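Asks:
Number of protein chains: 4
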Amino acid sequence: MRDVLVLTTGGTIEKVHDWQTEGLGFEMGGKAQIADLLHNARCYHAALRELMMKDSLDFTDADRQAILDAVVAADESAIVVSQGTGTMELTARFLDGEVGEKTVVLTGAMCPHSFGRSDASFNMGGAVIAAQTLPAGVYGVMNGRVFAAGELRKNTQAGRFDLPSA
Amino acid sequence: MRDVLVLTTGGTIEKVHDWQTEGLGFEMGGKAQIADLLHNARCYHAALRELMMKDSLDFTDADRQAILDAVVAADESAIVVSQGTGTMELTARFLDGEVGEKTVVLTGAMCPHSFGRSDASFNMGGAVIAAQTLPAGVYGVMNGRVFAAGELRKNTQAGRFDLPSA
Amino acid sequence: MRDVLVLTTGGTIEKVHDWQTEGLGFEMGGKAQIADLLHNARCYHAALRELMMKDSLDFTDADRQAILDAVVAADESAIVVSQGTGTMELTARFLDGEVGEKTVVLTGAMCPHSFGRSDASFNMGGAVIAAQTLPAGVYGVMNGRVFAAGELRKNTQAGRFDLPSA
Amino acid sequence: MRDVLVLTTGGTIEKVHDWQTEGLGFEMGGKAQIADLLHNARCYHAALRELMMKDSLDFTDADRQAILDAVVAADESAIVVSQGTGTMELTARFLDGEVGEKTVVLTGAMCPHSFGRSDASFNMGGAVIAAQTLPAGVYGVMNGRVFAAGELRKNTQAGRFDLPSA
Chain A
1 MRDVLVLTTG GTIEKVHDWQ TEGLGFEMGG KAQIADLLHN ARCYHAALRE LMMKDSLDFT
61 DADRQAILDA VVAADESAIV VSQGTGTMEL TARFLDGEVG EKTVVLTGAM CPHSFGRSDA
121 SFNMGGAVIA AQTLPAGVYG VMNGRVFAAG ELRKNTQAGR FDLPSA
Chain B
1001 MRDVLVLTTG GTIEKVHDWQ TEGLGFEMGG KAQIADLLHN ARCYHAALRE LMMKDSLDFT
1061 DADRQAILDA VVAADESAIV VSQGTGTMEL TARFLDGEVG EKTVVLTGAM CPHSFGRSDA
1121 SFNMGGAVIA AQTLPAGVYG VMNGRVFAAG ELRKNTQAGR FDLPSA
Chain C
2001 MRDVLVLTTG GTIEKVHDWQ TEGLGFEMGG KAQIADLLHN ARCYHAALRE LMMKDSLDFT
2061 DADRQAILDA VVAADESAIV VSQGTGTMEL TARFLDGEVG EKTVVLTGAM CPHSFGRSDA
2121 SFNMGGAVIA AQTLPAGVYG VMNGRVFAAG ELRKNTQAGR FDLPSA
Chain D
3001 MRDVLVLTTG GTIEKVHDWQ TEGLGFEMGG KAQIADLLHN ARCYHAALRE LMMKDSLDFT
3061 DADRQAILDA VVAADESAIV VSQGTGTMEL TARFLDGEVG EKTVVLTGAM CPHSFGRSDA
3121 SFNMGGAVIA AQTLPAGVYG VMNGRVFAAG ELRKNTQAGR FDLPSA
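Chains as they are written, first to last, in the working numbering: chain A, 1 to 166; chain B, 1001 to 1166; chain C, 2001 to 2166; chain D, 3001 to 3166.
#1: For Val1138/B, name the three-state secondary structure that DSSP assigns.
#2: Cys1043/B and Phe122/A look like a contact to me (Cβ under 8 Å); what is the Cβ gap, rounded to whole Å?
#3: Would the region 106-125 of chain A and the region 1124-1142 of chain B be scored as touching if the rule is three or more Cβ pairs under 8 Å?
#4: What's the gap between the Cα of Asn155/A and the Cα of Phe161/A?
#5: Entirely within the region 1023-1107 of chain B and at least 3 residues each: give me those beta strand (DSSP E) ranges in chain order.
#6: Tell me which residues share the same chain as Ala1149/B and place their Cβ nearer than 6 Å to its Cβ, disregarding the 5 neighbours each side in the sequence.
#7: I need the straight-line Cα distance from Leu2024/C to Ala1078/B, nearest angstrom please.
#8: Inspect the beta-carbon positions of Thr2107/C and Gly2140/C and report whether they are closer than 8 Å.
#9: Is the Cβ of Met1110/B closer than 8 Å to any Cβ of chain A?
#10: Quick one: list the residues of chain C neighbouring Asn3123/D, beta-carbon separation under 8 Å, in chain order.
#11: Please report whether the beta-carbon of Thr2008/C lies at a distance below 8 Å from any beta-carbon of chain A.
#12: Chain A beta carbons: is any one of them nearer than 8 Å to that of Glu2014/C?
#13: Excluding sequence positions up to five away, which residues of its chain have a Cβ less than 8 Å from the Cβ of Arg3049/D?
#14: Considering Ala131/A, what are the terminal residues of the beta strand (DSSP E) in which it resides?
#15: If we count the other Cβ atoms within 10 Å of its Cβ and call it buried at 16 or more, is Gly2010/C buried or exposed?
#16: Cα separation between Asn40/A and His3039/D?
#17: By the criterion of Cβ-Cβ separation under 7 Å, what are the contact partners of Gln1132/B in chain A?
#18: With distances taken between CB atoms, is the gap from Ser2056/C to Gly2029/C smaller than 8 Å?
#19: Kindly give me the distance between the Cβ atoms of Ser114/A and Lys31/A, rounded to whole angstroms, as I take these residues to be in contact under 8 Å.
#20: Comparing alpha-carbon positions, which option in Met3110/D, Ser3118/D, Arg3117/D, Arg3145/D lies nearest Ala3158/D?
#21: Are Arg153/A and Glu76/A closer than 8 Å when you measure CB to CB?
#22: Could you please give the first and the last residue of the uninterrupted beta strand (DSSP E) stretch that includes Phe147/A?
#23: Counting only C-beta atoms, is Gly2159/C closer than 8 Å to chain A at any point?
#24: Considering only the alpha carbon of each residue, which of Pro3112/D, Ala3074/D, Arg3117/D, Ser3118/D lies closest to Thr3103/D?
#25: Classify Val3081/D as buried or exposed, calling it buried when 16 or more other Cβ atoms lie within 10 Å of its own Cβ.
#26: Indicate whether Gly3100/D and Ala2046/C have their beta-carbon atoms separated by less than 8 Å.
#27: Cβ of Leu51/A within 8 Å of Cβ of Ile34/A?
#28: Does the Cβ-Cβ distance between Lys3054/D and Asp3063/D come in under 8 Å?
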């Protein structure tokens, strides 16, 4: 058991260029972009588990249940869940109140890690720290801010997550 | 006043390629790499101030005093100090106990932000979150871990910061 | 007049991440990725002109005529046309025999320049050299090979351009 | 035998960040940056051979002789020699007139391939094309230009290679 568990589920942060479709897709089978991200970061005390590779807009409650099951089953009490930003707030509400003594931090990216310029490493770096420093509960970390599960809300016009008062 | 103040002082995180010396150097005059890093991260609630551009191995106590003065003078109570890893622990000890009600988080990188693969964004993302979530005091955030000022110690053999027990 | 004219028309090489659609798109209005590419390359003797920003699969004969018109009107005799790989061979056949004393080289990329790892700079570097060294006529340069206009053919299974015999 | 042989000898193009020295160094033992470059470029018809890993300012005539020996011994007649820019013109003069029916193109970079923004792929893309299209002889390809062996001259003030008249 390591100190932190990172569960990756897909989303923008994991997207890579697919030359066959000439669009964005996922690399399946143990080639998660977040493995590359954690390696660059020299973050050796985080374990990575690939739960699924999906757009979060395609998440069903069964997918959210699978995330909750993985959280509950984990030996680690500091857990990062990486997913698409589109329904991050739905996952937060789904998990909220169900994670016991664990600290669960949702994160993701507005631009894939595979691009030359991305917010992926910054967000993941914040989420890994938040998972170790915040009290038990469910949170989101995006773009340098911590959000309580109930406050997490994507501003789809501006491409960021704002505080409720902002 | 923004929510977080980032003070950059140079160090590996700020290094760029200098084609004239064919080595690494700094870009002076408002071209901090951390400005680019925060822009990629969409971290709009952090203000950036360039304090100096030096290798931390060249830091004198006058430099550390300048950092402390900037911390004390800041309106923000959440402050990240970015510097070289070589003497990060000396700065931590210098600041420790002198920052009052502020949370000051030291960070940096083992590989410059200007490279294709770097730990810079991950570390800065963690430091920005730690500065907002930890109690007042002085800390280091590197490679996904938080260190108390007295525990911060670079493992120069392994190229990372280890916990005291590790 | 510079030594080489680069006409950009869009295609994969110019694609950037569009966080609003969460897919790939173009940056309009003088923000061509190829400007960034040529700047990194220190290729100061090439002029860049943005002709359109389209997927080459959407090219009509009117678009190809616009490319030919720009080639014919150019003061430069060494011309690179950058476009999507999907219909590069159609543009080659359209231009072939119509460019007089000019050397016209088509190029593009299988992966956008905006990604961390791309074939864009390599292909463009080859095309700029070919435009200055080959006799008048129409060619394609992709992945380190020169193709005569009549031989240019995308291997959509393998994601590359092969020689006729290959 | 492939169509093109690339001989790498070190130089700025091959430099990587060395966290132990906090400067630039080489990765030894089959980890040439140019292997990564050619892979990104999908340039499958070029063979890569690592001849040495040195700064070109440290080249001796014995090193230049080793390059010439490798050129003469090669089965390929299209050969790219990658090296530091500092003494590229000395290698060009050393090889000039000695390569028989082969086309030998010298190239390199002002900024290492391992940085986020580099001229490495652009230069290598041009050199690979020049090696296949120019008559037998010795040339340099840098920043989108072809130089005859006798004309190759680094403008150390401007960080580029200029034409004699420029």
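Where is the CB? At the ideal position from N, CA and C, for every residue including glycine. All values reported here derive from a predicted model rather than from experimental measurement.
Replies: Well, looking at it:
#1: In the structure shown, Val1138/B adopts extended strand secondary structure according to DSSP, grouped into three states.
#2: 7 Å between Cβ atoms; contact.
#3: Yes: at least three Cβ pairs fall under 8 Å.
#4: Their backbone Cα atoms lie some 6 Å apart in a straight line.
#5: Here the runs fully enclosed are 1023-1025, 1046-1054, 1078-1082, 1103-1107.
#6: The residues are Ala1092, Asp1096, Val1138.
#7: Taking the straight line from one Cα to the other gives about 37 Å.
#8: Between Thr2107/C and Gly2140/C, the C-beta gap is smaller than 8 Å, which places the two residues in contact.
#9: For Met1110/B, the closest Cβ of chain A is nearer than 8 Å.
#10: In chain order: Ala2041, Gly2125.
#11: The Cβ of Thr2008/C sits no closer than 8 Å to any Cβ of chain A.
#12: By this cut-off, Glu2014/C is not an interface position.
#13: Within the same chain, Cβ atoms closer than 8 Å to the Cβ of Arg3049/D are found at Leu3005, Val3006, Leu3007, Thr3008, Ala3070, the five residues on either side in sequence being excluded.
#14: According to the DSSP assignment, Ala131/A belongs to no beta strand (DSSP E) but to the alpha helix (DSSP H) extending over 120-133.
#15: In this structure Gly2010/C is buried. Its beta-carbon is surrounded by 16 or more other beta-carbon atoms within 10 angstroms.
#16: Taking the straight line from one Cα to the other gives about 20 Å.
#17: Near Gln1132/B (Cβ distances below 7 Å), the residues of chain A are Val146.
#18: Judged by beta-carbon spacing, Gly2029/C lies beyond the 8 Å limit of Ser2056/C, meaning their Cβ atoms are not closer than that value.
#19: Not really, about 11 Å apart at Cβ, beyond 8 Å.
#20: When only C-alpha atoms are compared, the closest one is Met3110/D.
#21: Not in contact: Arg153/A and Glu76/A (Cβ atoms no closer than 8 Å).
#22: DSSP places Phe147/A inside the beta strand (DSSP E), whose first and last residues are 145-148.
#23: True, the Cβ-Cβ gap to chain A drops below 8 Å.
#24: Here the closest residue by C-alpha is Ala3074/D.
#25: Using a 10 angstroms sphere on the CB of Val3081/D, the tally of other CB atoms reaches 16 or more, which defines it as buried.
#26: Inclusion of Gly3100/D and Ala2046/C in the CB contact set at 8 Å is not warranted, their separation being larger than that value.
#27: For Leu51/A and Ile34/A, no; Cβs fall outside 8 Å.
#28: Yes; because the gap between Cβ atoms is below 8 Å, this pair is in contact.
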